[in-house]
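The structure appears below as structure tokens.
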Amino acid sequence: MRTGFWLLLFSLGLPAQASLLDSLNSNDAEFLPVEQAFPVTTNASPGVVSAEWQSVDGYYLYQHRIYLKQNKQRIDPVSWSKDGKEKYDEAFGDIIAYYGDLTVTFDTRELTPGAATLHYQGCADAGLCYPPQTLAVEVIESSAIQETSPASNATPANSTTSWFEGRSTLAVLGIFFLLGLGLTFTPCVLPMVPILTSVVLGGGNTPPARGFWLSFVYVTGMAITYAAAGLAVGLLGAGANVQALMQSPPVLIGFAVLFLVLSLAMFGVYELQLPSGLRNRLNNISQKQNGGNAVSVFIIGVLSALVVSPCVSAPLAGALAYLSTTGDAFAGALALLALGFGMGTPLIVLGTTGATVLPKAGAWMNRIKYLFGFMLVGVAIWLVSRLLPGPLVLALWGALAVAVGIVAGALSSPTESAQRWLKTPALMIFIYGVVAIAGALQGNSDLLNPIGESTHSESEAPFVKTTSIAEINTLITESQQPVMVDLYADWCISCKVIDEEIFAQEDAQLALRHLLWVQLDLTDNTEEHKAFMNTHGVFGPPTVLFFEAGSDNSQGRIIGERRKSEFVQEALGIIPAP
Numbered sequence: 010m011r012t013g014f015w016l017l018l019f020s021l022g023l024p025a026q027a028s029l030l031d032s033l034n035s036n037d038a039e040f041l042p043v044e045q046a047f048p049v050t051t052n053a054s055p056g057v058v059s060a061e062w063q064s065v066d067g068y069y070l071y072q073h074r075i076y077l078k079q080n081k082q083r084i085d086p087v088s089w090s091k092d093g094k095e096k097y098d099e100a101f102g103d104i105i106a107y108y109g110d111l112t113v114t115f116d117t118r119e120l121t122p123g124a125a126t127l128h129y130q131g132c133a134d135a136g137l138c139y140p141p142q143t144l145a146v147e148v149i150e151s152s153a154i155q156e157t158s159p160a161s162n163a164t165p166a167n168s169t170t171s172w173f174e175g176r177s178t179l180a181v182l183g184i185f186f187l188l189g190l191g192l193t194f195t196p197c198v199l200p201m202v203p204i205l206t207s208v209v210l211g212g213g214n215t216p217p218a219r220g221f222w223l224s225f226v227y228v229t230g231m232a233i234t235y236a237a238a239g240l241a242v243g244l245l246g247a248g249a250n251v252q253a254l255m256q257s258p259p260v261l262i263g264f265a266v267l268f269l270v271l272s273l274a275m276f277g278v279y280e281l282q283l284p285s286g287l288r289n290r291l292n293n294i295s296q297k298q299n300g301g302n303a304v305s306v307f308i309i310g311v312l313s314a315l316v317v318s319p320c321v322s323a324p325l326a327g328a329l330a331y332l333s334t335t336g337d338a339f340a341g342a343l344a345l346l347a348l349g350f351g352m353g354t355p356l357i358v359l360g361t362t363g364a365t366v367l368p369k370a371g372a373w374m375n376r377i378k379y380l381f382g383f384m385l386v387g388v389a390i391w392l393v394s395r396l397l398p399g400p401l402v403l404a405l406w407g408a409l410a411v412a413v414g415i416v417a418g419a420l421s422s423p424t425e426s427a428q429r430w431l432k433t434p435a436l437m438i439f440i441y442g443v444v445a446i447a448g449a450l451q452g453n454s455d456l457l458n459p460i461g462e463s464t465h466s467e468s469e470a471p472f473v474k475t476t477s478i479a480e481i482n483t484l485i486t487e488s489q490q491p492v493m494v495d496l497y498a499d500w501c502i503s504c505k506v507i508d509e510e511i512f513a514q515e516d517a518q519l520a521l522r523h524l525l526w527v528q529l530d531l532t533d534n535t536e537e538h539k540a541f542m543n544t545h546g547v548f549g550p551p552t553v554l555f556f557e558a559g560s561d562n563s564q565g566r567i568i569g570e571r572r573k574s575e576f577v578q579e580a581l582g583i584i585p586a587p
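Structure below.
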């Protein structure tokens with residue numbers, strides 16, 4: 010049982026820390042205008058709008074950024090001409106990208122005849138993210154189709170989406186069950202097993218029949234909670250953006266603290282169990298009526314599902330994304346109910362077998378508990394890593410590695426063969442932790458290369474930040490010093506890399522101190538923003554423009570990512586320091 014709580018907890022959130030865009034190392038890289046990179050044609054017929062792209066090699070479209078909109082109503086494609094490629098995106102999480110030719114079809118029967126807008130967005134592999142694009146399309150009256158094709162309404166809007174394409178409802182439920190079964194064994198869940206066992210089963214010798222019943226009730230509470238989530242997402246649609254909500258700073262910080270508190274139970278700081286008064290009360294009830302504490306166990310299952318909600322793994326996020334576009338709330342509820350029972354099946358097995366399966370307590374099990382505790386600490390660090398400076402995150406991981414190494418026996422003399430076997434990996438982990446801390450003290454933040462290129466101290470980039478084109482133009486034309494304009498957007502991954510690795514570095518700020526630093530936020534991509542980019546021949550961020558004092562004619566530009574030294578050298582080549 011307790012295992013289920015933690016299995017869930019960790020299954021919902023594995024850190025995926027991969028970068029989507031390759032660094033742009035060539036100084037003379039050229040990018041196509043967006044209309045050449047993603048040539049698109051549209052076609053409208055009664056009840057249907059289709060769009061066809063022929064993206065140039067090296068350029069790709071985001072699946073989740075392709076949709077049709079009329080006023081506030083959003084319509085997602087009902088069919089895709091091919092499967093996309095899975096990628097991890099630091100801004101959007103796990104996404105599907107489409108290269109080359111792509112045709113999508115929209116069911117417009119729910120829209121009002123007249124004008125609508127096609128939305129799409131793409132990026133270049135070399136590092137340039139284009140702003141979101143829009144294209145006017147016409148919605149044609151579809152009453153005739155609605156009268157002659159009633160059967161088509163029975164098909165969920167996204168029954169052909171991704172790898173669920175063409176599968177029956179029963180097959181989709183089976184897929185979700187297997188998905189849940191797989192999530193049970195992820196690192197986010199396993200450390201929660203001993204905690205869940207203590208809370209639900211009480212850590213004692215529970216008879217198999219009673220263990221099965223309690224485990225089943227717990228898993229049912231957990232599964233119904235997921236079913237409610239599936240129902241909500243099915244009703245609210247893609248606009249709900251549940252994943253974005255669960256990644257907000259207050260939620261991340263709150264659950265990071267919770268994971269830290271839970272880790273303390275693994276280190277023996279306190280014993281995690283129900284209050285003694287409540288335990289005694291439940292025992293008295295259960296003695297009078299078989300299964301009398303089922304309600305409490307059910308509630309624990311519900312709470313466990315809620316606790317793990319911000320720790321959302323890529324597969325679950327993809328499942329929610331699929332359900333949000335089906336428009337079928339009932340199917341969404343059933344799918345996540347199946348996922349919940351899939352996750353809970355191993356928990357039911359463990360709850361039934363209980364003491365016969367779990368290892369006996371002892372020094373060895375204490376070490377395992379400590380390692381579970383460290384895993385919980387690792388989840389807490391990962392949750393807040395995107396909110397903290399890179400060097401601080403590296404230092405936290407280093408400290409965790411040092412602690413793991415010490416507990417695993419890096420600094421102790423092995424007395425048994427098992428301890429001798431652990432000595433080498435424990436020592437390697439310990440050494441890595443020391444190196445990571447040393448690298449963090451030097452200002453580095455790369456987990457894979459903690460003592461690589463040494464960097465100077467970080468400080469906030471001295472940008473004048475604005476979203477106003479009028480303010481930008483005034484700053485450029487009235488400045489008494491040359492101006493560097495950084496084009497930035499929240500959806501631009503490379504922009505954030507440049508911010509952290511170049512603009513936040515004090516040595517880069519010192520080398521370019523003769524420039525006025527201005528940052529134009531293009532996140533909303535307004536008509537004024539588009540006009541500014543057209544005027545200066547810019548396709549999108551990340552792009553940095555350079556202007557001489559008092560002149561609105563750009564003297565040069567840097568497009569895409571660079572190493573810090575390359576960026577500074579190139580910038581000084583455009584406007585040398587006096």
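Its first residue numbered 10, the sequence shown is counted upward by one per residue in our numbering.
Note that the Cβ used here is the ideal one computed from N, Cα and C, for glycine as well.
Values in this document were obtained by computation on a predicted structure and should not be read as measured data.
So what does DSSP say about residue i, is it helix, strand or coil?
i: E536; result: helix
i: L240; result: helix
i: S28; result: Note on S28: pLDDT 31, under 50, position unreliable in the model; no value is reported.
i: G263; result: helix
i: S224; result: helix
i: K78; result: strand
i: L396; result: coil
i: V553; result: strand
i: V413; result: helix
i: L348; result: helix
i: V443; result: helix
i: G230; result: helix
i: A419; result: coil
i: V278; result: coil
i: V547; result: coil
i: P216; result: coil
i: F40; result: coil
Would you mind stating whether residue i and residue j have Cβ atoms separated by less than 7 Å?
i: L431; j: G418; result: yes
i: V527; j: V473; result: yes
i: F576; j: V492; result: no
i: L223; j: V306; result: yes
i: M231; j: G414; result: no
i: A347; j: L182; result: yes
i: L385; j: F268; result: yes
i: C504; j: P471; result: no
i: A46; j: Y69; result: no
i: S235; j: G349; result: First, the amino acid is wrong: residue 235 is Tyr here, not Ser. It is a contact, given that the beta carbons lie within the stated cut-off.
i: I390; j: L403; result: no
i: Y129; j: R219; result: no
i: G448; j: P459; result: yes
i: A400; j: G452; result: The sequence given here has Pro at residue 400, not Ala. Yes.
i: S563; j: H538; result: no
i: I478; j: F383; result: no
i: L120; j: L144; result: no
i: Q490; j: A558; result: yes
i: F603; j: V411; result: Examination of residue 603 is not possible in this model, given that the chain is present from 10 through 587 alone.
i: T361; j: F186; result: no
i: P355; j: T193; result: yes
Name the two residues that bound the continuous beta strand (DSSP E) containing residue i.
i: I584; result: Premise fails: I584 is in no beta strand (DSSP E) and is neither H nor E.
i: E61; result: 57-63
i: V49; result: 49-54
i: L70; result: 68-71
For the alpha helix (DSSP H) that contains residue i, what are its first and last residues?
i: Q45; result: 43-46
i: G183; result: 178-192
Restricting to runs no shorter than 3 residues, where is the beta strand (DSSP E) found entirely within the segment 84-152? Within the segment 84-152, the complete beta strand (DSSP E) runs of at least 3 residues are 94-98, 102-108, 110-116, 123-129, 131-133, 142-148.
Is the segment 54-67 touching the segment 143-152, taking contact as three or more C-beta pairs under 8 Å? yes
In chain order, what are the residue ranges of uninterrupted beta strand (DSSP E) at least 3 long that sit wholly in the segment 447-535? 473-475, 492-497, 525-530
Evaluate contact between the segment 113-133 and the segment 86-98, counting only Cβ atoms and requiring at least three cross-stretch pairs below 8 Å. yes
Counting Cβ pairs closer than 8 Å, one from the segment 530-548 and one from the segment 515-522, do we hit at least three? no
Quick one: complete alpha helix (DSSP H) runs, 4+ long, within the segment 558-585? 573-583
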